[in-house]
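Numbering (my numbering), first residue to last: 1046 to 1805.
Single-structure report; data block below.
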Amino acid sequence: MIVCNMLRAQHFRLVGAAVAALVAYSSLCRAVDPRQALVENVSVIDAPGVPGHLCVFGERAVVIVAGGAGGALRQPVAAATTLGRGRVVALGHNGYFSRDSLAVADTGRFMLNAVRWTAGEHKQRPRVAVRGQQAFADFLRSSGIDAVVLPADNWSLNLGGFDVLCVDAGAMSIDRDLPAVAQFVGNGGGLVTGQPGWGWLQLHPGKSLASDHPGTRLLAPAGIAFSDGMAQRTHRAGFSTEQPPPLCHASRALEAVAGQSSGATTRPAREQLAQASATLMLAMRSLPSDDTVLLPRIRQLRNSTRQTALPAPGAPLKAENFVERLVLAMDLHEIATLPPDKVRAHPAASRFPGSVPAEASRVSRTLEVDTRIPNWHSTGLYAPAGEVITVSIPADAVGARLAVRIGPHTDRLWHLDSWSRCPEISCRSVLSSPTTPVASAFGGLIYIDVPADCRAGSVRVSVAGALEAPLYVAGSTSLSEWRSVIRARPAPWGELAGSNVILTVPSEHLRNLDDPESLMKFWDSVLDVCAELAAMPARRPRPERYVADAQISAGYMHSGYPIMTHLDAAAVMVDLQGLRAVRRDGVWGLFHEMGHNHQSPDWTFAGTTEVTVNLFTRYIIHRLCTPARPVKPYPASRVAEYLAAPDFEKWKADPFLALAMYDQMVAGFGWETFKKVFAEYRALPPQQRPKTDDEKRDQWLVRFSRAAGRDLSAFFRAWGVPVSQRACESLRDLPSWLPEEAPFRRTGAAEAAQRAAHGR
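Structure, rendered in structure tokens:
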């Protein structure tokens, strides 16, 4: 493996040297401003799927179109540059080559402009090679351009005679295709390429956009890299082609920050500073470690400043601390490239996730990992910040794609205006050899990460150099051992593991916890009743997880794997009496986020993402809790006011108003009807699943009505929820239903809706 890595590194150096030579040549060429040519007669282009951001930082690289990045911030979604004698257009999605996208707004014209500009003004009828995009080749031919679809095998060896190559950026093999494409462009060929970086990351776990993405390997020397952000629309049809902000170009952003830091320029306006900061944070997680364009200038800025501020809970680094944030980002960028024996504890690690006792013993432990269970396996061990731990597996498990993760705090905070901890502190390494040394500058709990399709059976894993952490495992850990030994283990973080759910909290919340057994029985029951309502099997592929954090990427809590909460929720998670009584403010949120993990898009249409989730919240409380503060219904007076003049847009904008409608359905037909309907949805074959919001609303009406044995058409109409006349007519054989609640009856809207539903 070491020899393979050396050969691969040598290959990267050779490719990089070739591309760098092309860039050096291109700097001698006449400067070309491509934006005018590319957006000629183009006002709006499509946003196919969810396009990704690009990092544009080279002196000859130009931002062509910018997408939204939160509020007024913008980041590139289309860029152009020169490479040797050739020209390149890079896009944030490969969907721009699709038939559907080409038909949206001015996208077709934009793509024609891209092909013609990259071909060069002297090519009146360019010959275009298209890799794997038949619809795009057909489009080009219909526009009078000679286009050929390349064969799937050895396509990069067949570029002779073409003027332009159009290819998915992720479809190029670094070893096989990149040298040929670099030579083609360097000799004067054009390249139009695209891909959402975030999507590539999802398909290549453990890989890095900065070092492993073929598009970045090719284009970074010319000043463009693929990034992991998701672009927001700037126009209802996609992206406006209005002039992008200058500071969404990373070199311009750095000039603004460096100039203000040195006093050479006046302080930028707040919105300019926010844009510059966001652009540079994007650059720091996009640039290859061997970049010679931007990174040396950032290092120079870091070395010239004495700023030492670090983020901490209660003392965050804010957007106005732009120099400190950039210096910290540079630190993290460099740490990510260090071999384990060179990693040192970062000064911010003592603030979060916390320090380990100096006298704590390092231990070696061996555990059995059942690879039939995917994702994270808790070890009950903790990696001290800046210290090497060694993970060993049998030789026959090396190909199983197991990985070791240090730290459960996986949320990345780069996009936030305020950092209460460092923006990225969790790391993951694939166990690609029998013995793997790993280290984290921040430390954290140690996990063995198992891929979803692993078939390695039970694998014996040994970990050396770690601290023991509090870990309670239901059905395995005795209460006496927990109370006398385990809860006092020295690591600053610990876990409670049931069969359905695992809680990760600071160890201070576990030191005095006497009865984790009863607590985890309750939490396992929470997951059981969620499965009961969702009509899914009680036995899960793997447990769900909650992780408390100093700061999370969005909201007060968010769903996913793991469910993330702020630190104040840790005390709520381990308070059994508070959970049962719904006595503390965070209880609703904890149940709510678990509800998100059980929602189905089949019966969740626009406006109900934050509504149908609370069916699970309500059901958990109904089945397991005796609320000290009963959950209040939506005020009857406001329901009556709404029903007097129903407005679906208002309904969608007020989740608790919309929930009042579902509450009436629960009161009218009980939870068993919901279970019956959810089971029906779960059993649907793919061709019967609703595809659009209109279909989702119609199916929800019809399926619920059939399960209830009553026609709810008038009820839906009274609430202003759009359903088709066809759906309403299909229920004419059922008796109509309206709730008996006074607010509903008083309005008179219900009767009118009932008449309208069937034309009576």
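From the three backbone atoms N, C-alpha and C, an ideal C-beta is built for every residue, glycine too.
To the nearest whole angstrom, what separates the beta carbons of residue i and residue j, a pair I think is in contact under 8 Å?
| i | j | result |
| --- | --- | --- |
| H1641 | S1598 | Not confirmed; about 15 Å, so no contact. |
| P1607 | V1592 | 4 Å |
| G1652 | A1690 | Their Cβ separation, rounded to whole angstroms, is 17 Å, which puts G1652 and A1690 out of contact at 8 Å. |
| V1173 | V1160 | 6 Å |
| P1468 | R1457 | 6 Å |
| C1670 | A1626 | 7 Å |
| G1452 | S1409 | Actually they are not in contact, since the Cβ atoms of G1452 and S1409 sit about 20 Å apart, beyond 8 Å. |
| V1504 | A1442 | 5 Å |
| A1394 | A1430 | 4 Å |
| L1340 | A1303 | Their Cβ separation, rounded to whole angstroms, is 13 Å, which puts L1340 and A1303 out of contact at 8 Å. |
| S1187 | P1358 | Their Cβ separation, rounded to whole angstroms, is 59 Å, which puts S1187 and P1358 out of contact at 8 Å. |
| R1119 | P1289 | 6 Å |
Can you list, in chain order, the residues of its chain whose CB lies under 8 Å from that of residue i, leaving out five sequence neighbours each side?
| i | result |
| --- | --- |
| L1578 | H1643, L1660, F1661, Y1664, W1716, F1719, K1720 and F1723 |
| S1544 | A1519, G1520, D1569 and P1588 |
| T1610 | Y1591, V1592, A1593, D1594, I1597, Y1601, M1602, M1618, G1631, G1634, L1635 and E1638 |
| V1768 | R1742, D1743, L1746, S1758, F1761 and R1762 |
| W1162 | P1079, A1082, L1083, A1125, R1132, V1134 and G1235 |
| M1686 | It should be pointed out that residue 1686 corresponds to Glu in this sequence rather than to Met. The answer is none, since no qualifying residue turns up. |
| M1156 | Y1141, F1142, L1147, F1181, F1184 and V1237 |
Are the beta-carbon atoms belonging to residue i and residue j less than 8 Å from one another?
| i | j | result |
| --- | --- | --- |
| L1210 | G1234 | yes |
| G1101 | A1295 | Strictly speaking, residue 1101 in this sequence is Val, with Gly absent from that position. Contact flag set, yes. |
| L1292 | T1324 | yes |
| F1184 | L1147 | yes |
| V1433 | D1386 | yes |
| R1130 | N1232 | yes |
| L1516 | G1539 | yes |
| P1551 | V1401 | no |
| A1255 | L1204 | no |
| R1407 | A1511 | yes |
| T1350 | V1368 | yes |
| A1225 | S1201 | yes |
| R1044 | P1392 | No answer is possible for residue 1044: the residues shown for the chain start at 1046 and end at 1805. |
| Q1277 | G1137 | no |
| W1886 | M1326 | No information on residue 1886 is available, as it lies outside the stretch 1046 to 1805 that the chain covers here. |
| G1489 | P1398 | yes |
| D1336 | A1265 | yes |
Which term fits residue i, buried or exposed, when burial requires 16 or more other beta carbons within 10 angstroms of its beta carbon?
| i | result |
| --- | --- |
| H1249 | exposed |
| G1502 | exposed |
| H1378 | buried |
| L1318 | buried |
| L1263 | buried |
| T1737 | exposed |
| D1560 | exposed |
| H1167 | exposed |
| E1694 | exposed |
| K1677 | exposed |
| G1140 | buried |
| S1750 | buried |
| R1417 | exposed |
| A1301 | buried |
| N1158 | buried |
| E1785 | exposed |
| P1356 | buried |
| E1316 | exposed |
| K1252 | exposed |
| E1526 | exposed |
| D1145 | exposed |
| V1212 | buried |
| E1553 | exposed |
| T1127 | buried |
Mind checking whether the beta-carbon of residue i lies closer than 7 Å to any heavy atom of the ligand FMN?
| i | result |
| --- | --- |
| P1121 | Among the ligands in the structure shown, none appear at all, so the ligand FMN cannot be discussed. |
Of all Cβ atoms in chain B, is any one closer than 8 Å to the Cβ of residue i?
| i | result |
| --- | --- |
| Q1228 | Considering every chain present, this structure includes no chain B. It has just one protein chain. |
Near residue i, what residues of its chain come up, given a Cβ to Cβ distance below 6 Å and the 5 sequence neighbours on each side ignored?
| i | result |
| --- | --- |
| G1242 | G1097, L1254, F1271, S1272 and D1273 |
| A1364 | A1319, S1322 and D1462 |
Once you ignore the five residues that flank residue i on each side, which residues in its own chain have a CB closer than 7 Å to its CB?
| i | result |
| --- | --- |
| A1066 | Any reading at A1066 needs caution, since the residue's pLDDT is 42, under 50, leaving its predicted position unreliable; the model's value is listed next. Nothing meets the Cβ criterion. |
| F1701 | Y1679 |
| T1480 | T1435 and S1437 |
> Unbroken beta strand (DSSP E) runs of length 3 or more, entirely within the region 1454–1529: which are they?
Replying inline: 1472–1475, 1480–1484, 1489–1495, 1503–1513 and 1516–1518
> Unbroken beta strand (DSSP E) runs of length 3 or more, entirely within the region 1240–1295: which are they?
Replying inline: 1269–1275 and 1283–1285
> What alpha helix (DSSP H) runs, 4 residues minimum, are completely inside the region 1332–1395?
Replying inline: 1340–1349 and 1367–1380
> Enumerated in chain order, which unbroken segments of the beta strand (DSSP E) with a length of 3 residues or greater are wholly contained in the region 1152–1214?
Replying inline: 1172–1175, 1191–1194 and 1209–1213
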